[in-house]
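These protein sequences, in sequence, are chains P and V.
When you line the first sequence up against my numbering, it's residues 171 to 294, in that order.
When you line the second sequence up against my numbering, it's residues 171 to 294, in that order.
Don't be surprised by glycine CBs; every beta carbon is placed ideally from N, CA and C.
Protein chains: 2
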Amino acid sequence: MDNNQATAAFDALSQDTRLRVFRLLVEYGQEGAPAGVLSETLGIPQNTLSFHLSHMNHAGLVQSRREGRSIIYTANFEFFTDLIRYMVKDCCRMEFASIREDTQRGCSVIEMPTCCPPKRKEKP
Amino acid sequence: MDNNQATAAFDALSQDTRLRVFRLLVEYGQEGAPAGVLSETLGIPQNTLSFHLSHMNHAGLVQSRREGRSIIYTANFEFFTDLIRYMVKDCCRMEFASIREDTQRGCSVIEMPTCCPPKRKEKP
DNA sequence: CCTATATATCCATTATTCTAGAAATATGGA
DNA sequence: TCCATATTTCTAGAATAATGGATATATAGG
Numbered sequence: 171m172d173n174n175q176a177t178a179a180f181d182a183l184s185q186d187t188r189l190r191v192f193r194l195l196v197e198y199g200q201e202g203a204p205a206g207v208l209s210e211t212l213g214i215p216q217n218t219l220s221f222h223l224s225h226m227n228h229a230g231l232v233q234s235r236r237e238g239r240s241i242i243y244t245a246n247f248e249f250f251t252d253l254i255r256y257m258v259k260d261c262c263r264m265e266f267a268s269i270r271e272d273t274q275r276g277c278s279v280i281e282m283p284t285c286c287p288p289k290r291k292e293k294p
Numbered sequence: 171m172d173n174n175q176a177t178a179a180f181d182a183l184s185q186d187t188r189l190r191v192f193r194l195l196v197e198y199g200q201e202g203a204p205a206g207v208l209s210e211t212l213g214i215p216q217n218t219l220s221f222h223l224s225h226m227n228h229a230g231l232v233q234s235r236r237e238g239r240s241i242i243y244t245a246n247f248e249f250f251t252d253l254i255r256y257m258v259k260d261c262c263r264m265e266f267a268s269i270r271e272d273t274q275r276g277c278s279v280i281e282m283p284t285c286c287p288p289k290r291k292e293k294p
């Protein structure tokens with residue numbers, strides 16, 4: 171994940187309609203949902219939604235496949251978690267969010283202190 | 171963190187200049203840096219940068235304080251990690267990113283499988 | 001081949017965002 | 001008080017994004 175991919179990803183999530191679409195797709199999981207269902211569920215004209223879906227698809231946030239007459243959209247979870255990794259690694263500090271790879275368990279582990287963040291050093 | 175705060179946060183990170191500003195502020199940590207230093211470091215006119223800083227400040231991503239004639243900007247790490255929490259909790263699925271609070275150690279722990287995500291159920 | 005359905009593309013309009021020059025505001029020091 | 005410095009606010013033009021009606025494309029079924 172480089173800076174350009176990241177800005178594109180943030181852009182894809184930076185608009186109310188698109189965030190709603192993504193969150194809805196998350197509910198549908200890997201099965202995904204056809205464009206028409208999303209359009210109907212969210213009450214957004216199909217061509218407007220198509221515009222946003224193509225925007226999100228281009229950014230990498232969603233994927234699509236044809237099934238008969240329908241185009242099924244799915245959230246790209248791998249991309250989304252890569253974005254989270256990028257945020258921790260490249261947009262934060264160890265004191266506030268650290269990441270390590272647990273190869274045993276095959277997962278990334280992020281830790282974020284919940285309270286008492288390190289205080290700024292006081293002037294003497 | 172609600173959806174509106176989230177879209178505002180994503181919006182604040184969705185533009186090249188602003189992402190660069192944020193990442194630069196991350197380097198300066200809690201001390202922060204004056205607007206002029208950011209402007210000079212990034213080679214962006216000070217009024218243009220001021221526009222972006224105010225945008226980011228309004229979204230909650232950065233904070234500012236006056237010190238003499240300078241306005242010192244700092245990354246809002248608490249807000250940023252809240253955004254990450256929101257992404258895991260409200261924009262993802264357990265299979266791909268899970269979060270739990272480790273009260274003993276006073277931190278949130280996020281786990282994200284790195285490989286072999288659960289396959290979509292096959293049609294029989 | 002014809003029709004209905006599902007979705008994308010084209011297009012024009014409107015709305016929003018970005019940019020930077022010019023002016024205004026706030027502070028510190030002589 | 002006057003001046004220099006640091007930054008914001010005002011302003012307008014340019015660029016980009018969002019919206020939805022009309023049309024085009026792809027597919028399934030008769």
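Whole angstroms are fine: how far does the CA of residue j sit from the CA of residue i?
| i | j | result |
| --- | --- | --- |
| residue 207(P) | residue 214(P) | 10 Å |
| residue 265(V) | residue 280(P) | 15 Å |
| residue 275(V) | residue 272(P) | 19 Å |
| residue 182(P) | residue 217(V) | 27 Å |
| residue 268(V) | residue 257(V) | 10 Å |
| residue 180(P) | residue 180(V) | 5 Å |
| residue 176(V) | residue 235(P) | 28 Å |
| residue 194(V) | residue 187(V) | 11 Å |
| residue 293(V) | residue 201(P) | With a pLDDT of only 41 at residue 293(V), under the threshold of 50, the placement of this residue in the model should not be trusted; the figure read from the coordinates follows. Distance between the alpha carbons of residue 293(V) and residue 201(P): 11 Å. |
| residue 242(P) | residue 231(P) | 14 Å |
| residue 263(V) | residue 238(V) | 48 Å |
| residue 209(P) | residue 240(P) | 13 Å |
| residue 282(V) | residue 247(P) | 10 Å |
| residue 259(P) | residue 253(P) | 10 Å |
| residue 196(V) | residue 172(V) | 24 Å |
| residue 204(V) | residue 189(V) | 17 Å |
| residue 178(V) | residue 184(P) | 7 Å |
| residue 295(P) | residue 192(P) | The structure shown does not extend to residue 295(P), since chain P spans only 171 to 294, so no value can be given for it. |
| residue 261(V) | residue 250(P) | 9 Å |
| residue 220(V) | residue 199(V) | 19 Å |
| residue 211(P) | residue 174(V) | 20 Å |
| residue 224(P) | residue 270(V) | 34 Å |
| residue 334(P) | residue 285(V) | Nothing in the structure corresponds to residue 334(P), since chain P is present only between 171 and 294. |
| residue 244(V) | residue 229(P) | 29 Å |
| residue 222(V) | residue 233(P) | 32 Å |
| residue 255(P) | residue 255(V) | 12 Å |
Identify the residues that DSSP records as bridge partners of residue i: which are they?
| i | result |
| --- | --- |
| residue 278(V) | 282(P) and 271(V) |
| residue 245(V) | 232(V) |
Need the endpoints of the alpha helix (DSSP H) that residue i sits in, please.
| i | result |
| --- | --- |
| residue 216(P) | 216-229 |
| residue 172(P) | Segment: none, residue 172(P) is in no alpha helix (DSSP H) and carries neither H nor E. |
| residue 190(P) | 186-198 |
| residue 265(P) | Unbroken run through residue 265(P): none, as it is neither H nor E. |
| residue 206(P) | 205-212 |
In this structure, how does DSSP classify residue i when only helix, strand and coil are distinguished?
| i | result |
| --- | --- |
| residue 234(V) | strand |
| residue 240(P) | strand |
| residue 291(V) | Confidence at residue 291(V) is low in this model, with a pLDDT of 48, below 50, so the placement of that residue should be treated as unreliable; the coordinate-derived value is given next. Looking at residue 291(V) - three-state DSSP - the assignment turns out to be coil, as it is neither helix nor strand. |
Against residue i, what residues of chain V qualify as contacts under a CB-to-CB distance less than 7 Å, listed in chain order?
| i | result |
| --- | --- |
| residue 213(P) | Within 7 Å Cβ-Cβ: nothing; residue 213(P) doesn't reach chain V, min ~16 Å. |
| residue 238(P) | Correct list: empty, because the minimum Cβ distance to chain V is about 13 Å. |
| residue 199(P) | 263 |
Output, in chain order, the set of chain P residues within a Cβ distance shorter than 9 Å of residue i.
| i | result |
| --- | --- |
| residue 279(V) | 279, 280, 281 and 282 |
| residue 254(V) | 254, 257, 258, 262, 267, 280 and 282 |
| residue 173(V) | 186, 189, 190 and 193 |
| residue 271(V) | 284 |
| residue 247(V) | 262, 263, 265, 266, 267 and 287 |
List, in order along the chain, the chain P residues whose C-beta lies closer than 8 Å to that of residue i?
| i | result |
| --- | --- |
| residue 157(V) | Only positions 171 to 294 of chain V appear in the structure, and residue 157(V) is not among them; the question remains open. |
| residue 196(V) | 261, 262 and 263 |
Would you mind telling me which residues of chain P sit closer than 7 Å to residue i, beta carbon to beta carbon, in chain order?
| i | result |
| --- | --- |
| residue 184(V) | 177, 180, 181 and 184 |
I want to verify the contact list: residues of chain V whose CB lies under 8 Å from the CB of residue i, in sequence order.
| i | result |
| --- | --- |
| residue 276(P) | 283, 284, 285 and 286 |
What in chain V is Cβ-close to residue i, meaning under 9 Å?
| i | result |
| --- | --- |
| residue 250(P) | 257, 261, 262, 266 and 267 |
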